[in-house]
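Numbering (the working numbering), first residue to last: 469 to 782.
Backbone N, C-alpha and C fix where the C-beta goes; we use that ideal spot for every residue, glycine too.
On a predicted model such as this, the values are computed, not experimentally measured, just so you know.
First up is the structure itself, then whatever we jot down about it.
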Ligand SMILES: Nc1ncnc2c1ncn2[C@@H]1O[C@H](COP(=O)(O)OP(=O)(O)OP(=O)(O)O)[C@@H](O)[C@H]1O
Ligand SMILES: [Mg+2]
């Protein structure tokens, strides 16, 4: 398996903590629940856990639990015997058996139907599965990793996810924070994606301009690292030359950079940005009534007027 920890980019404390945890739990049999918003790198971390375990020479089988109707998912994961449902013409081994000695990665575990949650719990606890239509349990030897971008705890509270299964899966949780909480990872990620896309796109980009990086570091990135990757690829396809400039970024991003200040490490500037945004928010809340906004902010009206002047709030 061609995987290296160096493939996981990031110098933020958040990513270092994640990688430390990965190294500690990789070579155990522990079930790991990987959580994080969409595009934060959950599958990448699952791969790392497999690649750093002594199961690395066996299979890593990912399955998206949200993508299939219940019977197909059950048959895919647990297998079925001939005649167990219309179209089951032969016995079929499930992924739990196919993965023997390896790792199964249950992606979008929050989507798994209730009745399969019971079967999964049994698989985890007794290391046995029952293929669809069979009455003879089969022993399995597989490491289970799972991922979700939902808050499983809330799913438990809402009665959609079994509490016992949640605790069984959650023996070890690795949480990957969203990209907006670790903007310092963005410059390296960009360089990484440029290097990766150069050969694919037959281009020879040497890097990216600092002004463009600052704008990208200030964005919210709802789609996280995947979205950043897509933006870089899109930009590389359209840009001329060998360096990505601010003007090459998608127009929606350039437009947002005009209303939002770019990212800065300068503490005074950062505090100023925060103060300005916070006051704007209070003014919105108060329907632009300055007296009410001052009350919300717990400052005097004259201080508020001074701030509005200083911070160029219109
Ligand atoms: N730290 C990182 N370093 C390098 N590449 C990363 C990093 N994090 C994510 N990526 C890349 O971003 C993309 C999305 O990652 P991945 O598919 O693992 O996310 P995910 O959390 O499983 O997303 P989803 O919830 O949408 O399934 C992949 O191309 C992956 O290689
Ligand atoms: Mg994924």
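Is residue 534 near ligand 1, judged by its Cβ being under 7 Å from some heavy atom? no
Any heavy atom of ligand 1 closer than 7 Å to the Cβ of residue 545? no
Closer than 7 Å: residue 699 CB and nearest ligand 1 heavy atom: no
Exposed or buried, what is residue 678 when buried is set at 16 or more other beta-carbons lying within 10 Å of its beta-carbon? exposed
Taking the CB atoms as reference points, tell me whether residue 616 and residue 577 lie closer together than 8 Å. yes
With a CB to CB cut of under 7 Å and the five nearest residues on each side skipped, what residues in its chain are close to residue 710? 672, 673, 674
Residue from 691, 498, 597, 557 whose Cα sits closest to the Cα of residue 571: 498
Identity of the residues DSSP links to residue 711 by a beta bridge: 675
Which one or two residues does DSSP pair with residue 596 in a beta bridge? 607
Opening and closing residue of the alpha helix (DSSP H) in which residue 692 lies: 692-706
Segment limits, alpha helix (DSSP H) that includes residue 472: Where residue 472 is concerned, there is no enclosing alpha helix (DSSP H), given that its DSSP letter is neither H nor E.
Under 8 Å between the Cβ atoms of residue 769 and residue 747? no
Three-state secondary structure (DSSP) at residue 776? helix
Relative to the alpha-carbon of residue 522, which residue among 494, 548, 532 has its alpha-carbon at the smallest distance? 494
Bridge partners - residue 503, DSSP secondary structure assignment: 616, 643
Taking the C-alpha atoms as reference points, what is the distance between residue 807 and residue 739? Only positions 469 to 782 of the chain appear in the structure, and residue 807 is not among them; the question remains open.
With a threshold of 7 Å (Cβ to nearest heavy atom), would residue 510 be considered close to ligand 2? yes
Spell out the partners DSSP gives residue 666 in its beta bridges. Bridge partners of residue 666: none, in fact.
Given the structure, does residue 615 come close to ligand 1, in the sense that its CB is under 7 Å from one of the ligand's heavy atoms? yes
Contacts around residue 651, its chain only, beta-carbon distance under 8 Å, and the 5 residues preceding and following it disregarded: 685, 686, 731
Is the closest heavy atom of ligand 1 to the C-beta of residue 657 under 7 Å? yes
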